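Enquirer:
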Amino acid sequence: MLRIMANRVDRGEILVRGATLRCPNCGGYGLFRNWFKLHKACRLCGMTLEKEQGFYLGTTSIGYVLAIVFVLIPVCVLVVTDVLSLWVGVSVGIIGTIVFTVALYPCLLGWVIMLYFAILPQELPANQPQDKASATDT
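The opening position of the sequence shown corresponds to residue 319 in the numbering used here, with each subsequent residue numbered one higher.
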């Protein structure tokens, strides 16, 4: 595996990299194995992406909250104002919520990683002291 040792990464760069779904450590693309799964480590720098069990469960909850705000509430308003019939509203709400949540899932995973390292930038391998970073390379 190719290992790239980057310079120190500041919070601003972590936010930019996370918003564009890139590795917070090296800035490389390709964190995702498929739409729903991350690779175990960045393919460029080797930074471990796996965290403890349940670390990424919050992404689903955030997705549901966003679906309520951007899909269900507008659909309810359209049903109450008689723009949509009840059953059309229910159908649009169910389908819209599923599509919205699935479509946003990779972004939410990337953003959880971004927020974690924006809060704890010292956890990035690029921000580790050289002696600790070289110990993890062997």
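Just so you know, even glycine gets a beta-carbon here, dropped at the ideal spot from N, CA and C.
Keep in mind that this is a model prediction, so the values were computed, not measured.
In this structure, does DSSP put T338 in helix, strand or coil?
Expert: DSSP places T338 in coil when its eight states are reduced to three.
Enquirer: According to the Cβ coordinates, are G346 and R335 closer than 7 Å?
Expert: Cβ distance not < 7 Å, so G346 and R335 don't count as in contact.
Enquirer: Alpha helix (DSSP H) containing F435: first to last residue?
Expert: Unbroken alpha helix (DSSP H) run through F435: L404 to I437.
Enquirer: Should R329 be labelled buried (16 or more other beta-carbon atoms within 10 Å of its own) or exposed?
Expert: Per the 10 Å Cβ criterion, exposed.
Enquirer: What residues match up with C358 in a beta bridge as DSSP calls it?
Expert: Residue identity check: residue 358 is Lys in the sequence provided, not Cys. Paired residues: none, contrary to the question.
Enquirer: Where does N325 land, buried or exposed, given buried means 16+ other C-beta within 10 angstroms?
Expert: N325 should be labelled exposed.
Enquirer: I believe L349 touches L356 by the beta-carbon criterion, under 8 Å. Please report the beta-carbon distance rounded to the nearest angstrom.
Expert: 6 Å between Cβ atoms; contact.
Enquirer: For the segment 377–393 against the segment 406–422, are there 3 or more C-beta pairs whose distance is under 8 Å?
Expert: With a cut-off of 8 Å, the segment 406–422 and the segment 377–393 count as touching, because enough Cβ pairs lie within range.
Enquirer: I need the straight-line Cα distance from G372 to K358, nearest angstrom please.
Expert: Distance between the alpha carbons of G372 and K358: 15 Å.
Enquirer: Checking the sheet assignment: what are the DSSP bridge partners for T366?
Expert: The partner list for T366 (beta bridge, DSSP) reads A359.
Enquirer: Compute the distance between the beta-carbons of M365 and P424, then report whether it is under 7 Å.
Expert: Their beta carbons are not under 7 Å apart, which means M365 does not touch P424 by this criterion.
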